[in-house]
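In the numbering used here, the protein residues as written are 375 to 564.
For each residue, glycine too, the CB sits at the ideal point set by N, CA and C.
This one's a predicted model, so the numbers in the text were calculated from it and none came from an experiment.
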């Protein structure tokens, strides 16, 4: 069976997820159980799984870092995908990025097109930055975009909700974990 759906996990790295991380938000830890459940359901249906890894070069100039707290520096461990999520290194893709969008300056779109993907399910952190930018670019590239509300987080619930409403109104479909499982098991997301 050929799948048309990719499950994209954005920036669930040590610096954002672990309480000792440089830019930790508690919500990022709270969404892990739901994310693992969604990941399990996606894998059971053969969906393409892609982990996005925010990563800056060590000791190299990066204009983006001028305006933010240093984090996710290569070799620091902060850029490593959290061990609380299971990466299948034989099947899953790991795409490194240096900007908010998972598409900008990466080969994510190429990977998706090579696999004839039409639907992207975006989960991870931060809803108002990297999730939003990835969703916008996915929409511009004509993917059917889904976001699982139980599997995204940011610094506060109000900001999270505002951006999820905006995504649902203009860019894609926001669903709960239960709704996602129903879509997948019902064959609507193949």
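Residue environment, residue i, which counts as buried when at least 16 other CB atoms sit within 10 Å
i, result
"residue 389", "buried"
"residue 457", "exposed"
"residue 387", "buried"
"residue 550", "exposed"
"residue 375", "Because the pLDDT at residue 375 is just 48, under 50, the model does not fix this residue reliably, and the point stays unresolved."
"residue 471", "buried"
"residue 394", "exposed"
"residue 453", "buried"
"residue 642", "In the structure as shown, the chain starts at 375 and stops at 564, and residue 642 therefore has no counterpart that could be examined."
"residue 430", "buried"
Residue i - containing beta strand (DSSP E), residue span
i, result
"residue 524", "518-527"
"residue 548", "547-549"
Where the alpha helix (DSSP H) containing residue i begins and where it ends
i, result
"residue 390", "388-391"
"residue 406", "406-418"
"residue 510", "506-514"
"residue 483", "482-488"
Chain-order list of residues whose beta-carbon lies under 7 Å from that of residue i (same chain, five-residue window excluded)
i, result
"residue 421", "377, 379, 380 and 381"
"residue 483", "477 and 515"
"residue 548", "521, 523, 538, 541 and 542"
"residue 507", "474 and 475"
"residue 385", "426, 428, 498, 499 and 504"
"residue 397", "389, 390, 443 and 445"
"residue 555", "415"
Residues bridged to residue i (per DSSP)
i, result
"residue 455", "387"
"residue 447", "430"
"residue 471", "428"
"residue 380", "422 and 494"
"residue 499", "527"
Pick from the options that is closest to residue i, judged by C-alpha positions
i, options, result
"residue 561", "432, 416, 443 and 479", "416"
"residue 402", "545, 517, 531 and 544", "531"
"residue 455", "502, 480, 406 and 486", "406"
"residue 496", "463, 481, 518 and 462", "518"
"residue 400", "526, 553 and 563", "526"
"residue 489", "510, 564 and 463", "564"
Close beta carbons around residue i, own chain, < 6 Å, minus the five adjacent residues each side
i, result
"residue 419", "558"
"residue 432", "447, 448 and 449"
"residue 512", "494 and 519"
"residue 501", "526, 528, 534 and 537"
"residue 487", "none"
Chain-order list of residues whose beta-carbon lies under 8 Å from that of residue i (same chain, five-residue window excluded)
i, result
"residue 413", "381, 383, 423, 459 and 460"
"residue 465", "423"
"residue 469", "424, 425, 426, 427, 476, 480, 481, 482 and 485"
"residue 410", "458, 459 and 460"
"residue 510", "475 and 545"
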